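Whatever position you read off the sequence shown (first residue = 1), add 87 for this note's numbering.
All residues carry an ideal CB built from backbone N, CA and C; glycine is no exception.
Bear in mind the structure is a predicted one, so any value in this text is a computation, not a measurement.
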Amino acid sequence: MQKAIAGLLLAAAVAAGAAAKPDDGWFTFVSWNMGHHAMGLKARPTIPPGQDEAYLHMYKAFIGDARIVGVCEYSAEFTTNQPMKTAEALFGDYDVKIEGTRRGAQCDSIFLKDCKLIESKEREYPKRSQRVYYQLARVMMEGREVCVVETHLDWDLGEKDELPRREYRADQMRTIIADMAKEKYVIIGGDFNIKNNHPGDTKDHATEFDVFAEAGYTLANRGQLITWPSWHNPNRECPIDNIMVKGFEMSDVQVRGHSKLSDHKMISCRLKFKEK
88 MQKAIAGLLL AAAVAAGAAA KPDDGWFTFV SWNMGHHAMG LKARPTIPPG QDEAYLHMYK
148 AFIGDARIVG VCEYSAEFTT NQPMKTAEAL FGDYDVKIEG TRRGAQCDSI FLKDCKLIES
208 KEREYPKRSQ RVYYQLARVM MEGREVCVVE THLDWDLGEK DELPRREYRA DQMRTIIADM
268 AKEKYVIIGG DFNIKNNHPG DTKDHATEFD VFAEAGYTLA NRGQLITWPS WHNPNRECPI
328 DNIMVKGFEM SDVQVRGHSK LSDHKMISCR LKFKEK
């Protein structure tokens, strides 16, 4: 077991090091549904005492050199016995730590380096079936005011008719777009619960993302990147996690999974301010 963990640590560290680039104006943004440190199976951590340090190293190596990290299904406690706090243990070297309010399974949080916080706020969506909301961090970066949003939208609950839930998600996306309409620099990440490629399902649910492209955003995922489930159900493939930006160039979009850390794959990209 110790050898297996050591091997995973080494592989993750090599991957993180390979992703690092010189300071040329580009930085890494990561959006990840962390599944409450319980592989998405529970709303509380399942990391047992005694394994906290090993898991902490795995999480840190997997996140790598990201300057901004948006997290869905965040847990303030890192382990089952709760003495280790996630914000300090995992994100201790981040200047700005915004831990979202827990609303059932929802908890959207944002962590930023080399930024000055102007304000943070949460907005629950006016139309929703679950207690979904978005977290906003308004910060100064390189003399520019930037809005970073992390969110988790309504998910289908196995209904035969999925249209109502899809309409809720559409309204939630329009809410973000309307709220950010006057902002010049916007980074949006999250779990949008877009479904795709289910057995016998010929509908292209990824077209739900089109509303962002129509509003002038650059998207990391147009349905081509499967982010859930990461491991436990290969018969269901969904491009539900995404990144959308306005006012930035985007490159090096990646999706990576880890069999011990979350049921979701992490989506990341490199961003650079567009020239004025």
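Taking 6 Å as the limit between beta carbons, can you name the residues of its chain near residue i, skipping five residues before and five after?
i	result
Glu211	Tyr220
Thr133	Ala125
Leu312	Pro326 and Val342
Lys147	none
So the candidates are the options; which of them puts its Cα closest to the Cα of residue i?
i	options	result
Thr167	Cys325, Lys129 and Ile275	Lys129
Asp241	Val235, Ala257 and Glu229	Ala257
Lys203	Gly187, Arg215 and Met228	Met228
Val156	Val342, Tyr142 and Lys200	Lys200
Tyr181	Lys361, Cys159, Glu160 and Ile150	Ile150
Lys347	Val233, Ala163, Glu270 and Met145	Met145
Lys214	Met121, Tyr255 and Lys271	Tyr255
Gly112	His351, Glu336 and Gly344	Glu336
Gly187	Glu175, Tyr161 and Ala176	Tyr161
Asp266	Glu209, Val117 and Pro135	Glu209
Glu270	Gly334, His351 and Glu140	Gly334
Give me the Cα-Cα distance between residue i and residue j, rounded to the nearest whole angstrom.
i	j	result
Asn329	His239	11 Å
Arg218	Asp195	11 Å
Arg131	Gly230	39 Å
Ile205	Ala153	21 Å
Leu306	Pro251	25 Å
Tyr304	Met331	6 Å
Cys234	Pro170	32 Å
Arg189	Cys159	11 Å
Arg225	Glu301	24 Å
Glu324	Asn308	14 Å
Gly122	Lys282	18 Å
Glu362	Ala268	20 Å
Cys356	Phe114	8 Å
Leu358	Asp339	9 Å
Ser207	Leu223	5 Å
Tyr272	Gly137	43 Å
My output table needs one value for residue i: the three-state DSSP class, helix, strand or coil.
i	result
Ala306	The sequence shown places Leu at residue 306, not Ala. Three-state DSSP puts Leu306 in a strand.
His345	coil
Gln217	coil
Ala125	coil
Met337	strand
Gln222	strand
His351	coil
Leu240	coil
Gln193	strand
Phe198	strand
Glu362	coil
Met171	coil
Lys282	coil
Leu204	strand
Tell me which residues share the same chain as residue i and place their Cβ nearer than 7 Å to its Cβ, disregarding the 5 neighbours each side in the sequence.
i	result
Pro109	Here the model assigns Pro109 a pLDDT of 46, short of 50, so the residue's position is not dependable, and the following value carries that caveat. So the list is empty, once near-sequence residues are dropped.
Provide the residue(s) that pair with residue i in DSSP beta bridges, ordered along the chain.
i	result
Cys234	Arg225 and Val273
Thr115	Arg357
Does at least one heavy atom of the ligand GTP sit under 8 Å from the Cβ of residue i?
i	result
Met267	The ligand GTP is not part of the structure shown, which contains no ligands of any sort.
Residues in its own chain within less than 8 Å of residue i by CB, not counting five upstream and five downstream?
i	result
Phe178	Val156, Lys184 and Phe198
Ile263	Tyr221, Val236, Thr238 and Ile275
Lys172	Ala163, Glu164 and Phe165
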